[in-house]
Every structure is written in structure tokens, then in C-alpha cells.
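Engineer:
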Amino acid sequence: MIFLAHGAIGAEAVAPAAGVLGTAAATSAAAAKAPNSGLDLSAFEPKVRAQDDLFRAANGTWLNTASIPADKSAYGAFEQLADKSDAQVRAIIEALSAKPQKDGSTEQKIAAFYSSYLDLAAIDKAGLAPAQARLDSIAAIKTKAELAQWLGGAQGVSNLPINLYVMADVKQPTINRALATQGGLGLPDRDYYLKADAKLAQVRKAYLSYLSTLAKLSGEAVPDQVAAQVLALETRIAKLHWSNVANRDPVKTYNPMTPAQLAKKAPGLDWSVFLKAGQLDGIDRLSVTQPSAIIGLAALVNTVPLAQWQQYLKLRVLDENAQVLPQAFREAHFALHGAALTGAKEPLPRWQQGINDVNQALGEALGQVYVAEHFPPAYKARMQELVANLMAAYRDSIDGLSWMTPATKAAAREKLSKYMVKIGYPDTWRDYSGLDVRAGDAFGNSARSAAFEYQRMAQRAGKPVDRTEWGMTPQTVNAYYNPTLNEIVFPAAILQPPFFDMAADDAVNYGAIGAVIGHEISHGFDDEGSQFDGDGALRNWWTPADRKAFDAIGAKLVAQYSKYEPLPGKQLNGKLTLGENIADLSGLQIAYKAYQRSLNGKPAVVLDGIGGEQRFFLGWAQAWRDKARDEKALQQLTTDPHSPPSFRTNGAAINNDGFHQAFGTKEGDAMFKPSAQRIRIW
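For the sequence shown, the positions run -3 to 678 when my numbering is used.
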């Protein structure tokens, strides 16, 4: 993924000063001029040189003048495109709602789901009644076997201490395999519970208050006591969790076993009851992602009194469904998840929250209409051309690696040749005929859609993997690489400015969407993806010497990014962000090579007084422009494998030979780095 998912270029916008940009911009002003460079010239910072800070040079005026909307925790290119996509989807839904739809049709389900979510008067009037059956089922638990049954039956609907999923087996990627993984936390990560940090302690205090509010609103007689017990239980759960860094190891997180073996290794939870209730009773094998955590969590099921589990599950249900419960629940939910955790000043507009929910429930149905209206065939054709150019540049780069032996190069080329590329939208659309959507039932619609999706997933266990499926909807502003399918996927919504502009010159397109393409290709060769072969299997295809050399280069990148300090006194976690940093570094490198190939030996034209090579890097920088509130920045530092935008922009560029050539960096410039010290992987 590219986002879990956020110099004095001249005194005058139309004619930047050559001395500030460097020598490339001083080429002949009489060069052929295309109508659109693709750059936002108004964003440039006249007082900052790209040689000192590429990110601020390209975005400084925008950073100084743009304000983060009150309903957002961060704002930049991704958020702007997401807002645009949401508005487009809103128009689609409102058009469907404006005319009668056949009962039971997908169109009718979309309209009913959305209108039910927006009907706050009905939600407030219903009170807790829609959730009562779920709450009663928790109160009715009398034995640990019944607790196991409830935990299994709530899979997909709630985030539980042990969650079940079905996905491709990493060593047999043609077969879907069930897996058990850690979960169950109300805060974003274990560090929010365990780390001795003043800011995180403030969040814990806010969370305790939130839990108390939920307990009080649900009728608990001693809400503060209930909240304290639930937080204490979640803290015990958090202590068992593996860290985000540990979870990035595909070898240590692959632990296949039979259900009987799991029951023996992790006593305390009735696994046969749990798996049967989770619709996985027929499986012969499953993989345990974090064995020590699952063993500890199963033991907690046995040792923690039922009454405490019931309190915990009750508050989990209320938290997860607060947006479709009365106003007091919604306000409390925002106070924690919006204000305390991300710094947002007000909730997203209700219509936009509704779009998010409908996208989650019926995303591909909406996507089918979205691409018909907003993704012309020419966009897909142009993207296919760009991807082909990037793949060719990657092959050339592999061939030219000085640190890799011929045997590993051959294996890398073979893997690259097997990449599956998906652009825009799936060829086969998901069937929603079995989803039950009822007008005026926001709570029920949300629960049934989650259960519907889980059932669809669970039914795939033990069956062949469908390689045509997509993991994102077309209207999603993102992209991803899937190692077990060895595929790169680019939804339609990201193929818009500032990432992709059909009317723009190639330089900025290669610097923006080209680097995104290169980023996703590179995930197949980062510290995780490089452990999978061209068929998607977890298999070592490296010679020992080459792997050692690769890891040594990665260690240099860890050291570089670990020195960055996005917030006062808080450094980046170079190990957590290594995979994304490799993808940024290599993606930018390959995109630049592809851009140079596209010139066919001819000089780039000068547009807006800026040479093509410089426009490439300025396009890269503008694609990542973003501002974040401190609370959101802290959350990203704690949980996000991506580096913050300014550091991913400059951190990749400073190691790129093309950047130094384009801007003529020299000793004394803040972004100068001697050639011998530049980190090069692919």
C-alpha cells in the first residue's frame, strides 16, 4: 500500500529562477512547450531551495496557507482525492435514491442502506433496542463453552481477542487457508496501553472516560468500576500482543497446524466450539499468526471470570456500533476516536460517514457505476503503458545490480515476469444478492453486511484461490501489492491528479503515479515481499551471500529513517517502516529510469521554466503533500508502516542520483549526500 492508509522554485510562479532550481531549468526557454506541466505552481515556496528541502520547496506555500478541515486529522493529496471520490459516490447514490428501484435489487439495497444510516431521528428514537438482542446474547452466556460459541459466532462482526480469517496459504498460495490472529483492542495498538509516554497516557485517560460513558449509557450501576475492569482486561490482552515489527516477519507468523494440535498447544478456549461457531468446523488445517499471543489469549478465556468477559464484550459492541446508536453514543465515540486519537475538531459530515459504510458493505456494486462514470478506457490504456515501461525499467535495474549474483538475478527476473497487474476495476463483480438490507435499520444493516462478508470469506477455506478478486474497491484512493498473488493493483480513484493526469506532461506523471507503480512493484522485493517467489509462495530464492548483502543495505535504510524526528523527542521506527521505505526508495529510482527511457534519448522540454528532470521530482514531492494534527502524527508513528510524507519524500530523493543531477546539489546543501553514501537497493 502507499497510504492504512498522507526551494525557491522561483520568485514567480510562471517563470522560476534558474539559479534556485539548478542548472536543468536554465536550458533553452525556446524548447517546445506543452499546455500542462502537471505541477501546482502556486504551492511552491520561493524561500526554500529544493537542494535543501525538496518537500517544502515543492509544497511550502501550500503548507503555510492550507488549513486542515475541522472534520479531518490530516489533509493533503490523498484526503482531497478521497473527498472527491466520496462526492462522486454520493451523487451516484442520490441518483439511485431519486427514482424507484426494484425490491431486492442491488440499487435498492444501496439506497436503503444509505438512507437508513442518514436517518438520525429514527436512530435516536430507537435507542438501544436494535442492539438489545446482541447485548442479551452476551448477558445469557453461562459457561466458558458458551463464551467460545459467542466469540466464534461474532467473527467478522466484532474485533475480538482471537480473530479468524481466510486467505491464501503463504506456502501453498493456490489454496485458501484459515488463520487465527490476535485482536480485541479498543485502542489502535499495544503501545497505547503499555508505553510510558505522556501523550499516550492522555489517550488512555480519555479511553477510560469513554468506556465509563458507554457503561453508564448502557445502564451499568457502577460505570467507573466497569470501565476500569475492561481497561485492565484489555491491558492484559495488549501485553500478549506481538509488536507491529514482529508481525512483519512472514516466516515467524506462518505456523500451520491441525485444529487438534492448536487445541493442545492453546488450552483454555474450546476450539471445536469456537471454530464451528466461526463457520470453520470442517477445516483440516489453519495457521496461527502469533502463537505465543494465541496461547496466552486462550488461557485468558479460561482464567478471566465470565462477568468480566461479559462487561468487555458489551462495551466492544457499543463502541463498534456507536455511529448507529443514539446521539450520546455518537458524541462519546467522536470524543475518543476523533478528538483524542486523531485531533479532529468535529466529526465527518454524516453523509460522508454514510458513504464510508456503504462502500464497506456494497463497495463493488457502487464501484461498477463509479468506473462507468469516472474512468474512461483511455485512462486504463495509458496506465497499462506506464506499468509496462516501469516493468521494463525494473528488469534493466535488476540486470545492472552490482551486489547481486547471476543466480539471484535470474530468480528476481522470473518473479517480475509473473506479476499480475490489475488496473481500475475487476473484470468480475461481486454478487450481493444474498445480503439482507432493510429500510430504517441502520444497526442491523451494518451487522448483517459484516456477517455477510465474513460468511463469504469463511466459505473459501480449503478451496482454490480466486485470482480475479480485488482487495479494494475502484473508488478507493490507494494501491497495493499482494505477495501471495504476486499482483499489483491500482483502483480507478487514485488515477487522478495529482497522481495521474492525462493532460499533463510525462515528467510529473512518472514522478507521481509512476513512482506509485514503482512503489507497488518494489513491495515484491522489499524485506517482506522478497521472501515470496513468483508464484506467491513463501520460499527462499536468494543465495546466502545475496540475502546478506540485501539485509545489510536494508540496515542502512533503517538507520537513516530512525534518525528522523517527526514530533519533538519522537523518532521514526526504522524497522517498522523498512518495507515502505524500500518501496519508496526503489519505486522512485525505477520511475526515474522509466521516465528517462520514455524520452528516447531526446532532451526533456522545459515547461513553466522547469526542466523535465526537475519536474519529475517536484511531481513526486507534490503527490505526497500533507499536513497532520499532532494526535494523528503520534498515531502514525505508533502504528503506521509508512513514514510521514515529508520524510518519505526527502528520504527517497536524497539517495537518488537523478535528484542530485537534476538540481545540481553540492556540499553544503542540506540534501546533499555524497554518491558513495547513497543507499541503492534495486
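Built from N, CA and C at the ideal position, the CB exists for glycine as well.
1. Would DSSP call A21 helix, strand or coil?
2. Quick check on Y250: does DSSP put it in helix, strand or coil?
3. Quick one: residues in its chain with C-beta nearer than 6 Å to the C-beta of N32, no 5 flanking neighbours on either side, listed in chain order?
4. For P246, which residues in the same chain have their Cβ closer than 8 Å to its Cβ, ignoring the five residues on either side in sequence?
5. Going by DSSP, what residue range makes up the alpha helix (DSSP H) through G359?
6. Less than 8 Å between the CB atoms is what I'm expecting for K341 and A66, so what's the real figure, rounded?
7. What's the C-alpha gap between P487 and K261?
8. Count the other CB atoms within 10 Å of the CB of G615; is the residue buried (16 or more) or exposed (fewer)?
9. What residue from P157, Q618 and H370 has the CA that sits closest to V226's CA?
10. Tell me which residue opens and which closes the alpha helix (DSSP H) that K411 is part of.
11. Please check the pair A343 and F330, which I expect to be a contact at CB under 8 Å, by giving their CB distance rounded to whole angstroms.
12. The beta strand (DSSP E) that contains P487, what's its start and end?
13. According to DSSP, is A672 helix, strand or coil?
14. Report yes if the CB atom of D531 is closer than 8 Å to the CB atom of N569, and no otherwise.
15. Look at P494 and A73 and say whether their C-beta atoms are less than 8 Å apart.
16. Helix, strand or coil, according to DSSP, for V300 in the structure here?
17. List the endpoints of the continuous beta strand (DSSP E) containing S133.
18. Starting from the Cα of R391, find the closest Cα among M379, K414 and Y375 and give me that residue.
19. Grab the span of the beta strand (DSSP E) containing T177 for me, first residue to last.
20. Am I right that Y450 and G152 are in contact with their C-beta atoms under 8 Å? What's the rounded C-beta distance?
21. Going along the chain, which residues of its own chain have a beta-carbon closer than 6 Å to the beta-carbon of G264, five neighbours each way excluded?
22. If you count every other CB in all the chains shown that lies within 10 Å of the CB of Q380, and 16 or more means buried, which is it?
23. Under 8 Å, with one C-beta from each stretch per pair, do the stretch 500 to 511 and the stretch 353 to 370 reach the 3-pair mark?
24. Looking at T634 and P301, is the spacing between their C-beta atoms short of 8 Å?
25. Leaving aside the five residues before and after K105 along the sequence, list all residues of the same chain whose C-beta is less than 8 Å from its C-beta, in chain order.
26. For the beta strand (DSSP E) that A46 lies in, which residues bound it at each end?
27. Taking the C-alpha atoms as reference points, what is the distance between L491 and A53?
28. For K459, count the other beta carbons within 10 Å of its own beta carbon; 16 or more makes it buried, fewer makes it exposed. Which is it?
29. Is DSSP giving A28 helix, strand or coil here?
30. Short of 7 Å in beta carbon distance, which residues of its chain neighbour A489, apart from the five on each side in sequence? Order them along the chain.
31. Cutting at 6 Å between CB atoms, please list the residues of its own chain near A20, excluding the five before and the five after it.
32. Would DSSP call K566 helix, strand or coil?
33. Can you tell me whether N60 is buried or exposed, with buried defined as 16 or more other CB within 10 angstroms of its CB?
34. In the DSSP output, what is M163 paired with across the bridge?
35. If you follow the alpha helix (DSSP H) that S283 is part of, which residue opens it and which one closes it?
36. Please report the distance separating the alpha-carbon of Q631 from that of D622.
Structural biologist: Walking through what the data contain:
1. Any reading at A21 must be qualified, since the residue scores a pLDDT of 38, below 50, and its modelled position is unreliable; the value itself is stated next. Residue state, collapsed to three classes: helix.
2. coil
3. A499 and A500
4. V166, P479, E524, Q527, F528 and L534
5. Looking at the DSSP string, the run of the alpha helix (DSSP H) that includes G359 is R346 to H370.
6. 4 Å
7. 42 Å
8. buried
9. P157
10. P402 to S413
11. The sequence shown places Pro at residue 343, not Ala. Going by Cβ atoms, the distance from P343 to F330 rounds to 5 Å, so yes, they are a contact pair.
12. E483 to P487
13. helix
14. no
15. yes
16. coil
17. Note, S133: premise wrong, no beta strand (DSSP E); alpha helix (DSSP H) at A125 to A135.
18. K414
19. N172 to Q178
20. 2 Å
21. A294, A295, V297 and N298
22. exposed
23. no
24. Contact flag unset, no.
25. L358, A361, Y428, L431 and V433
26. Premise fails: A46 is in no beta strand (DSSP E) and is neither H nor E.
27. 25 Å
28. Exposed, since its Cβ has fewer than 16 Cβ neighbours within 10 Å.
29. Model confidence at A28 stands at a pLDDT of 41, short of 50, so the residue's coordinates are unreliable; what they give is reported in the following sentence. Coil, per DSSP.
30. L77, S81, P470, Q471, T472 and V473
31. Low local confidence applies: a pLDDT of 37 at A20 is under 50, so the model's placement there is unreliable, with the coordinate-based value given in what follows. Hits under 6 Å: G607, E609, Q610 and A658.
32. strand
33. exposed
34. R173
35. Premise fails: S283 lies in the beta strand (DSSP E), L282 to V284, not in any alpha helix (DSSP H).
36. 15 Å
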